Amino acid sequence: MTEYSNEGPGTSSISRALYLLAHLADASGPVTVKQVSTALKVPPSTAHRLLNALAKEGFVAASGSGIYRIGPRFYRISARVIQSMSQVTIAQPVVDRLAAKYNETVLLGRYVAADRAMDFVYRADGSQMLTYQIDLHRPLSLYWGASGKAILAFLPDDEIEQILLRERALSVSGEKPPSLRARMAELREVREQGYAISEGQKLPGARGVAAPIFDAKGVFGCLCMTSPQERMPNASIDAIVKDIIEKSDEISRFLGAAR
Numbered sequence: 086m087t088e089y090s091n092e093g094p095g096t097s098s099i100s101r102a103l104y105l106l107a108h109l110a111d112a113s114g115p116v117t118v119k120q121v122s123t124a125l126k127v128p129p130s131t132a133h134r135l136l137n138a139l140a141k142e143g144f145v146a147a148s149g150s151g152i153y154r155i156g157p158r159f160y161r162i163s164a165r166v167i168q169s170m171s172q173v174t175i176a177q178p179v180v181d182r183l184a185a186k187y188n189e190t191v192l193l194g195r196y197v198a199a200d201r202a203m204d205f206v207y208r209a210d211g212s213q214m215l216t217y218q219i220d221l222h223r224p225l226s227l228y229w230g231a232s233g234k235a236i237l238a239f240l241p242d243d244e245i246e247q248i249l250l251r252e253r254a255l256s257v258s259g260e261k262p263p264s265l266r267a268r269m270a271e272l273r274e275v276r277e278q279g280y281a282i283s284e285g286q287k288l289p290g291a292r293g294v295a296a297p298i299f300d301a302k303g304v305f306g307c308l309c310m311t312s313p314q315e316r317m318p319n320a321s322i323d324a325i326v327k328d329i330i331e332k333s334d335e336i337s338r339f340l341g342a343a344r
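In this note's numbering, the protein residues as written are 86 to 344.
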């Protein structure tokens, strides 16, 4: 939910109106004047005035029972913006910043539902001498690697089982596929903790950390950092995991995720 700060001389009716729209967009359903008043930290009379002004312009829809929701004009503008921007364009600055911070390769993965697979649609590289050759737009299995598991764990259980039963090939490290029960248990753990880590399953000698990305429909893909294992020691994993989760959540919000 959008956090609003009603402090400082710069607070204006325009900023309040924008935060009000953000609050309505984030809400799980219609809201009341009291809820808006509390969220924006303003008197109910101010909240009511803002709501009515936005309703007059079509940005908010009001019902006779005193509840408000996003209006048709807001939807129309949002749709035009979404049509003019791709998911890659939206996520690219976040991916670039993360790659620059750690000087490692960071990838934006996408779930391809029709193929029950994934591909990478954008990558940002650090300036390290040794980087991995990772092709974009090439179908990849969800079975192995942090990137695949970060997506797979958040699909519906029946879809997960179908994918696991279909794909039981060896990893590039020669690791044998675990039993269905063992893999499902592993994916439940990934789902609970919100990220996946792998070592050498898709790329020999590489360690990967990935977290899921969501859009308004569900799982969009993942954000993944990969590097040689010696450049990602256990001592640095916690900080990397924290950043990966924060940045994947940021991209998810940009893509309209309800989570």
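Just so you know, even glycine gets a beta-carbon here, dropped at the ideal spot from N, CA and C. The structure displayed is predicted, hence computed values, not measured ones.
- Residue burial is scored here from C-beta neighbours: residue 321 has fewer than 16 other C-beta atoms within 10 angstroms and is therefore classed as exposed.
- Annotation for residue 203: the continuous beta strand (DSSP E) segment containing it runs 202 to 209.
- For residue 306, same chain residues with a beta-carbon under 7 angstroms away, outside a window of 5 residues either side, are 193, 194, 195, 196, 203, 236, 298 in chain order.
- The C-beta distance from residue 127 to residue 101 rounds to 7 angstroms, short enough to fall under 8 angstroms.
- Assigned with DSSP and collapsed to three states, residue 310 falls in strand.
- Between the alpha carbons of residue 116 and residue 154 lies a gap of roughly 7 angstroms.
- According to the DSSP assignment, residue 127 belongs to no alpha helix (DSSP H), since it is labelled neither H nor E.
- The segment 267 to 278 makes contact with the segment 232 to 251: 3 or more CB pairs, one atom from each, lie closer than 8 angstroms.
- Residue pairing by DSSP places residue 117 opposite 152 in a beta bridge.
- Per DSSP, residue 243 is one residue of the alpha helix (DSSP H) stretching across 242 to 251.
- Residue 282 carries a strand assignment under DSSP once its states are collapsed to helix, strand and coil.
- According to the DSSP assignment, residue 292 belongs to the beta strand (DSSP E) that extends over 291 to 300.
- Assignment of residue 196 by DSSP, reduced to helix, strand and coil, places it in the strand class.
- Out of 280, 245, 225, the CA that lies nearest to the CA of residue 266 is found in 245.
- In this structure, the beta-carbon distance from residue 300 to residue 183 does not fall below 8 angstroms.
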